[in-house]
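Number 10 in the working numbering belongs to position 14 of the sequence shown; there are no gaps in the numbering.
Only one structure is covered here, and it is reproduced in the block below.
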Amino acid sequence: MIPKKSAMNPQFLQQEAIRLGATDSKVINAKDIPIEDAIVEMCRPPACDSYGTCANCPPFVMTPKEARIWISHFDKGIFFKIDLEPELLFSERQFRPFERIFRIASQLEQRSKELGWKHSWTLAAGSCKPVFCPDAPCEALIDGGKCRFPDLARPSMEAIGINVFKLAGKVGWSIHRITRAADPKQIPSAMLAGIVLICTGNNLNDPQRQIFEKVKQNK
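Shown next as structure tokens:
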């Protein structure tokens, strides 16, 4: 039995992220998460082919404006990452590390709720569609349809405007921009990141509750 005081300590969740497979994790203040409108524009083609094809991608997720309101009611964030070889992102197995980050995010969210963070919510990296539904349309976008993987699928941090590069820099992580045209041999390192946001839920006002319900429906 984990003492309640220890379980509700963000540092405990930080260690849980490592136990679940993260290379590193940091506890951050939610108010320090940088959200920028321009980040969402990077989700559009040709940068990303999933734009408009998945319920967890723009334009179907909350806007950066909504995200600022939404994240403002959270207290802390557990920012976690996995390091990987750059060559992997250019191989036939390129989506395996993305699936790994989605699974860590899902497990960490479930674990945080078990420990008492009842309104915890996680974001992953990249679009969930090529990871879980590469050859099928997103069921959540069909009238009356539901997500095939509701416990795993979720938006990425970038999808709602979070500047992952700035956030990584704040915690001292090395991060490099990787494009399709890049030479993996010239890239020093690669990483994928996710975050779990935690709060007591007692400070949700009406606009925040509306956004909260919208997010839950998308899931």
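Here a beta-carbon is modelled for each residue, glycine too, at the ideal position from N, C-alpha and C.
Just so it is clear, the structure is predicted and the values come from calculations on it, not from any experiment.
Which class does residue i belong to by DSSP, given the choice of helix, strand or coil?
{"i": "tryptophan 117", "result": "strand"}
{"i": "isoleucine 78", "result": "strand"}
{"i": "aspartate 28", "result": "helix"}
{"i": "lysine 215", "result": "Low confidence applies here, because lysine 215 scores a pLDDT of 48, under 50, leaving its location unreliable and the question unanswered by this model."}
{"i": "serine 21", "result": "strand"}
{"i": "aspartate 33", "result": "helix"}
{"i": "arginine 40", "result": "coil"}
{"i": "serine 108", "result": "helix"}
{"i": "alanine 13", "result": "helix"}
Which residue wins for smallest C-alpha separation from residue i, given the options the options?
{"i": "glycine 165", "options": "Pro126, Gly17, Ile14 and Ile24", "result": "Ile24"}
{"i": "glutamate 37", "options": "Leu84, Tyr47, Ala186 and Phe98", "result": "Tyr47"}
{"i": "glutamine 7", "options": "Cys50, Leu188, Phe128 and Leu111", "result": "Leu111"}
{"i": "phenylalanine 56", "options": "Cys195, Val167, Pro151 and Ile183", "result": "Pro151"}
{"i": "arginine 156", "options": "Glu32, Lys22 and Ala13", "result": "In the sequence as displayed, the identity of residue 156 is isoleucine instead of arginine. Considering only alpha carbons, the answer is Glu32."}
{"i": "aspartate 131", "options": "Pro42, Val160, Ser185 and Arg144", "result": "Arg144"}
{"i": "methionine 187", "options": "Ala26, Lys27, Arg92 and Ile65", "result": "Arg92"}
{"i": "glutamate 95", "options": "Ser123, Met58 and Gln11", "result": "Ser123"}
{"i": "serine 170", "options": "Leu16, Asn159, Ser185 and Ala177", "result": "Ser185"}
{"i": "aspartate 71", "options": "Arg15, Ala26 and Gly168", "result": "Ala26"}
{"i": "aspartate 45", "options": "Met4, Lys142 and Arg176", "result": "Arg176"}
{"i": "valine 160", "options": "Asp28, Glu12, Ile14 and Cys129", "result": "Asp28"}
{"i": "histidine 172", "options": "Pro42, Leu85, Leu137 and Arg89", "result": "Leu85"}
{"i": "tryptophan 66", "options": "Gln106, Ala34, Thr118 and Pro42", "result": "Thr118"}
{"i": "alanine 121", "options": "Ile158, Asp139, Pro146 and Cys129", "result": "Ile158"}
{"i": "isoleucine 183", "options": "Gly190, Ile174 and Ala189", "result": "Ile174"}
{"i": "methionine 58", "options": "Ala178, Asp20 and Met153", "result": "Met153"}
Could you name the residues of the same chain whose beta carbon sits closer than 6 Å to that of residue i, not counting the 5 residues immediately before and after it, in chain order?
{"i": "lysine 162", "result": "Pro30"}
{"i": "leucine 148", "result": "Phe98 and Ser102"}
{"i": "glutamate 81", "result": "none"}
{"i": "tryptophan 113", "result": "Ile194"}
{"i": "lysine 22", "result": "Phe75 and Val167"}
{"i": "proline 249", "result": "As shown, the chain starts at -3 and ends at 215. That puts residue 249 outside it, with no answer to give."}
{"i": "arginine 64", "result": "Ile31"}
What residues in its chain sit with their C-beta under 8 Å from that of residue i, if we drop five residues either side in the sequence?
{"i": "arginine 40", "result": "Tyr47 and Pro54"}
{"i": "lysine 142", "result": "Glu135 and Ala136"}
Might you give, ordered along the chain, the residues of its own chain that have their beta carbon closer than 7 Å to the beta carbon of residue i, omitting 5 neighbours on each side?
{"i": "alanine 18", "result": "Phe76, Lys77, Ile78 and Ile100"}
{"i": "cysteine 134", "result": "Thr49, Cys50, Ala51 and Lys125"}
{"i": "serine 108", "result": "Leu9, Ser116, Val192 and Ile194"}
{"i": "valine 127", "result": "Phe91, Phe94, Glu95 and Phe98"}
{"i": "leucine 16", "result": "Ile100, Gln103 and Leu104"}
{"i": "cysteine 129", "result": "Arg144"}
Inset, instruction - Let me know the beta strand (DSSP E) ranges lying completely inside the stretch 125 to 203, each 3 residues or longer, listed in chain order. - result: 186 to 194
Legend entry - Within the stretch 52 to 105, ranges of the beta strand (DSSP E) (whole runs, at least 3 residues): 72 to 80
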